[in-house]
Structures are given as C-alpha cells and as structure tokens.
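Colleague: Take a look at this one; I'll ask things after.
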Amino acid sequence: MLYYLASMRNMLHIGGVLLGWGLWATAAEANTVDITMVPTEDGRLEVRLRPQEAFDGIVSNVVFTIRWNASSDVHLGEIEQVAPSLQHVPLMKSDVEIDADGSRYQIFVSVGSTALNWTDAAWAAGQEYAIGRIAVEGGPTTFGLVNDDWTDLHNGSFYVSLGGLDQTGEIYEGLSTGVEAGRPAGDDLQVMPNPTDRESVISFTPKEAERLDLQLVDAVGSVVWQRSLGVVSSPWRGTLDMAPFAAGVYLLRLHGTDTEIVRRVIRK
1 MLYYLASMRN MLHIGGVLLG WGLWATAAEA NTVDITMVPT EDGRLEVRLR PQEAFDGIVS
61 NVVFTIRWNA SSDVHLGEIE QVAPSLQHVP LMKSDVEIDA DGSRYQIFVS VGSTALNWTD
121 AAWAAGQEYA IGRIAVEGGP TTFGLVNDDW TDLHNGSFYV SLGGLDQTGE IYEGLSTGVE
181 AGRPAGDDLQ VMPNPTDRES VISFTPKEAE RLDLQLVDAV GSVVWQRSLG VVSSPWRGTL
241 DMAPFAAGVY LLRLHGTDTE IVRRVIRK
C-alpha cells in the first residue's frame with residue numbers, strides 16, 4: 001500500500017499534464033496549504049487544511065500522519081466526512097497502525113479527482129477547512145500531526161498536491177506536541193479564562209483518589225511549569241499565572257497513575 005502511495009504521488013506530479021489537470025496549475029502555482037488538528041467536544045480528532053491563496057481546482061493528493069503513545073490502549077477508528085470534503089478530499093487509512101520506538105503511527109491519504117468548482121465549492125485564502133473527523137477508541141491520550149524520521153522512511157510526512165503540483169505547507173498551532181482526545185478519564189479539566197495573558201483558574205474533580213501532577217508544556221515539548229498536587233480525592237482548584245510566558249500555544253497536562261488529561265492553553 002505504501003509503495004502504491006509513493007507511486008501515486010509521482011504519478012500525480014506527472015498527472016498535472018498527462019491527465020489534463022494542468023488547467024489549474026496557474027491558480028495553484030503560488031499556493032501552499034497548511035494543516036492542523038483539533039479535538040472535538042465528543043473526543044474525536046478534526047483535521048483541517050488552510051490554503052494561503054484562493055483555490056477551486058483539484059486537491060490531487062493529501063498525506064498526513066498522526067502519532068501517539070504506543071503504550072496506551074488507544075486506536076483510531078472510523079473517519080467521518082461530509083460534503084463537500086467527502087467529494088474533494090476523500091480520506092482513507094493507509095495500511096494499519098504501526099508501533100515504532102515507543103510511538104504508534106497511522107498514515108492517512110486522499111487521492112482526489114473532483115475539482116471544487118465542479119460542485120460550486122471553493123477555498124478562500126487563509127480559511128480553515130475541516131476535511132474529516134477521526135474517532136478515538138479508548139483514551140484519553142495525546143495525539144500529534146508529525147513529520148519525523150519514521151514518516152520520512154514510510155512516505156508518511158505531510159504532503160499536499162493541488163492540480164498535480166506540490167503545494168505542501170506546514171503543520172501549525174504547535175500541534176507536533178499533541179492534542180488530547182478520547183473518552184475523559186474523570187470529570188473535565190477546566191482552565192478559565194483561556195486564552196489569557198494573566199492568571200487562570202484550574203479546576204477538576206478526580207474520578208477517584210490519586211496522586212496527581214500538573215505540567216505546562218510549550219510548543220517544542222519543554223516543561224515550563226509544574227506542580228505536584230499530592231493525593232487528590234475531592235474537587236480541586238488552583239491557579240496558573242501565564243504572564244511570565246511568551247505568547248503562543250501551550251499544553252496543560254494533568255497526569256497520575258490512571259489519569260492523563262491534556263488541555264490546550266493559549267497565552268495571548
């Protein structure tokens with residue numbers, strides 16, 4: 001399957017001429033497409049594309065890989081898509097989940113042949129477009145869209161082709177560090193206000209008595225703040241001062257023996 005995808009990727013580059021997709025080459029020449037991933041309220045992962053320029057042609061090819069901890073009993077399930085993404089970016093899993101060096105990987109791919117303007121659809125510059133929601137079986141755990149040594153070796157690094165032309169952008173919002181999704185381990189972890197440039201209130205109710213720790217992780221995976229809470233058996237409230245930190249996206253991680261919850265915190 002991976003060999004097929006590599007061959008298909010090469011064919012798509014040629015296909016801009018051989019298959020008549022060169023019609024959209026001019027519109028795509030200056031365009032690049034970025035990708036991000038966000039958790040939904042029901043515990044799924046929503047993948048979004050963001051074009052830098054307007055586009056209404058064929059999204060020839062999309063490839064991306066999601067990575068999470070292989071020690072977790074968590075797997076990715078069904079992909080839900082609705083129109084118009086279902087017609088223009090038809091997602092499927094490439095092969096099975098693969099464990100390597102402590103991580104679990106799942107590659108996703110789309111091979112499109114329907115132009116957006118054939119269904120009166122179009123992408124506006126700088127707008128996010130959800131291309132699918134991926135179910136999480138088990139959890140919660142931390143997921144990330146990644147380019148790393150493993151994805152390079154297995155043809156799974158992020159890639160976009162528009163009209164047969166390579167228009168790959170970047171993985172943005174610091175999500176290489178991860179987003180949490182899946183069924184909650186206990187009552188919801190709340191951070192209010194969020195976004196903020198000052199003090200926020202953290203609150204949660206543990207499912208059962210447990211020794212817990214809090215960590216704040218920056219976009220490159222470094223722990224910039226941490227607090228040991230000891231054994232927590234009842235609703236807990238505390239504060240987190242975001243004023244000392246640079247503007248950007250952070251992850252607040254609550255973890256213990258049986259608990260792993262991550263929330264995204266934005267420093268304005």
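Sequential numbering from 1 applies to the sequence shown in my numbering.
We put the beta carbon where it would ideally sit given N, CA and C, even for glycine.
Please identify the residue among Asn61, Ser234 and Leu252 whose C-alpha is closest to the C-alpha of Asp241.
Modeller: Here residue 241 corresponds to residue number 241 of the sequence shown, with the count starting at 1. Among Asn61, Ser234 and Leu252, the Cα nearest to that of Asp241 is on Leu252.
Colleague: Between which two residues does the beta strand (DSSP E) containing His75 stretch?
Modeller: For the purposes of this step, residue 75 is taken as the residue at position 75 of the sequence shown. From DSSP, the beta strand (DSSP E) with His75 extends over His75 to Glu80.
Colleague: Helix, strand or coil, according to DSSP, for Thr259 in the structure here?
Modeller: Taking the sequence shown and counting its residues from 1, the one referred to as residue 259 is at position 259. Thr259 falls in the coil class under three-state DSSP.
Colleague: Just to confirm my understanding: we take Tyr250, look at its own chain, exclude 5 residues before and 5 after, and list those with CB closer than 7 angstroms. What are they?
Modeller: Indexing the sequence shown from 1 puts residue 250 at position 250. Result list for Tyr250: Leu216, Val217, Asp218, Val265 and Arg267, in chain order.
Colleague: Can you say whether Val82 is buried or exposed, counting buried as having 16 or more other CB atoms within 10 angstroms of its CB?
Modeller: As a working mapping, residue 82 is identified with position 82 in the sequence shown. Classification for Val82: exposed.
Colleague: For Gly15, which three-state DSSP category applies?
Modeller: For the purposes of this step, residue 15 is identified with residue 15 of the sequence shown, where counting begins at 1. Below a pLDDT of 50, predicted positions are generally treated as unreliable, and Gly15, at 35, falls in that range; the measurement from the model is reported next regardless. In the structure shown, Gly15 sits in a helix (DSSP, three-state: H, G or I).
Colleague: Helix or strand or just coil, what does DSSP make of Val249?
Modeller: Within the sequence shown, numbered from 1, the residue matching residue 249 stands at position 249. Strand, per DSSP.
Colleague: Determine the closest residue to Ser71 out of Gly256, Gly102 and Ala115, with distance taken between C-alpha atoms.
Modeller: Indexing the sequence shown from 1 puts residue 71 at position 71. Considering only alpha carbons, the answer is Gly102.
Colleague: State yes or no: is the C-beta of Ala54 within less than 8 angstroms of the C-beta of Ser85?
Modeller: As a working mapping, residue 54 is identified with position 54 in the sequence shown. As a working mapping, residue 85 is identified with position 85 in the sequence shown. No, the pair does not count as a contact, with Cβ atoms beyond the cut-off.
Colleague: Straight-line CA distance for Asp95 to Asp34?
Modeller: Looking up residue 95 in the sequence shown gives position 95. Looking up residue 34 in the sequence shown gives position 34. Taking the straight line joining both Cα atoms gives about 24 angstroms.
Colleague: Pull up the distance between the alpha-carbon of Glu46 and that of Glu80, whole angstroms please.
Modeller: As a first step, residue 46 is located in the sequence shown; it is residue number 46 there, counting from the start. As a first step, residue 80 is located in the sequence shown; it is residue number 80 there, counting from the start. One C-alpha to the other measures close to 9 angstroms.
Colleague: Using the three-state DSSP reduction, which class does Leu189 fall into: helix, strand or coil?
Modeller: The count along the sequence shown starts at 1 and reaches residue 189 at position 189. The answer is coil: DSSP assigns Leu189 none of H, G, I, E or B.
Colleague: Just to check my reading of the structure: Gly57 and Ala115 have Cβ atoms closer than 8 angstroms, yes? What is that Cβ distance to the nearest angstrom?
Modeller: What you label residue 57 is simply residue 57 of the sequence shown in a count that begins at 1. What you label residue 115 is simply residue 115 of the sequence shown in a count that begins at 1. Going by Cβ atoms, the distance from Gly57 to Ala115 rounds to 5 angstroms, so yes, they are a contact pair.
Colleague: What's the C-alpha gap between Ile134 and Arg50?
Modeller: Translated into positions along the sequence shown, residue 134 becomes position 134. Translated into positions along the sequence shown, residue 50 becomes position 50. Between Ile134 and Arg50, the C-alpha separation is close to 18 angstroms.
Colleague: For Arg227, which option in Ser113, Val38, Leu212 and Trp236 has the closest C-alpha, if you only look at C-alpha atoms?
Modeller: On the sequence shown, position 227 is the one that residue 227 refers to. Of the candidates Ser113, Val38, Leu212 and Trp236, the one whose C-alpha sits nearest the C-alpha of Arg227 is Leu212.
Colleague: Just to confirm my understanding: we take Asp197, look at its own chain, exclude 5 residues before and 5 after, and list those with CB closer than 8 angstroms. What are they?
Modeller: Locating residue 197 in the sequence shown gives position 197, where the first residue counts as 1. Contacts found: Met242, Ala243, Ala247, Arg267 and Lys268.
Colleague: Using a threshold of 8 angstroms, state whether the C-beta atoms of Gly126 and Asp73 are closer than that.
Modeller: Stepping through the sequence shown from its first residue, residue 126 is reached at position 126. Stepping through the sequence shown from its first residue, residue 73 is reached at position 73. No; because the gap between Cβ atoms is not below 8 angstroms, this pair is not in contact.
Colleague: Does the separation of the CB atoms of Val38 and Gly77 fall below 8 angstroms?
Modeller: Along the sequence shown, one-based indexing puts residue 38 at 38. Along the sequence shown, one-based indexing puts residue 77 at 77. No, Cβ-Cβ distance for Val38 and Gly77 is not below 8 angstroms.
Colleague: Among the residues of its own chain, which have a CB less than 6 angstroms from the CB of Gly174, if the five just before and after it don't count?
Modeller: For this step, residue 174 is matched to residue 174 along the sequence shown. Annotation note: pLDDT 45 at Gly174 (below 50); position unreliable, coordinate value reported separately. Hits under 6 angstroms: Ala219 and Val249.
Colleague: Spatial neighbours of Gln190 within its chain, please: CB distance less than 6 angstroms, with the 5 preceding and 5 following residues excluded, ordered by chain position.
Modeller: Position 190 of the sequence shown, counted from the first residue, corresponds to residue 190. Closer than 6 angstroms at Cβ, skipping near neighbours: Ser203.
Colleague: So is Ser161 buried or exposed if we call it buried at 16+ other beta carbons inside 10 Å?
Modeller: Along the sequence shown, one-based indexing puts residue 161 at 161. Buried, because 16 or more other Cβ atoms sit within 10 Å of the Cβ of Ser161.
Colleague: Apart from the five residues just before and just after Val89, which ones in its own chain have a Cβ nearer than 7 angstroms to its Cβ?
Modeller: Locating residue 89 in the sequence shown gives position 89, counting from the first residue. Closer than 7 angstroms at the Cβ level, and outside the excluded window around Val89, lie Val59, Val62, Ser110, Gly112 and Ile131.
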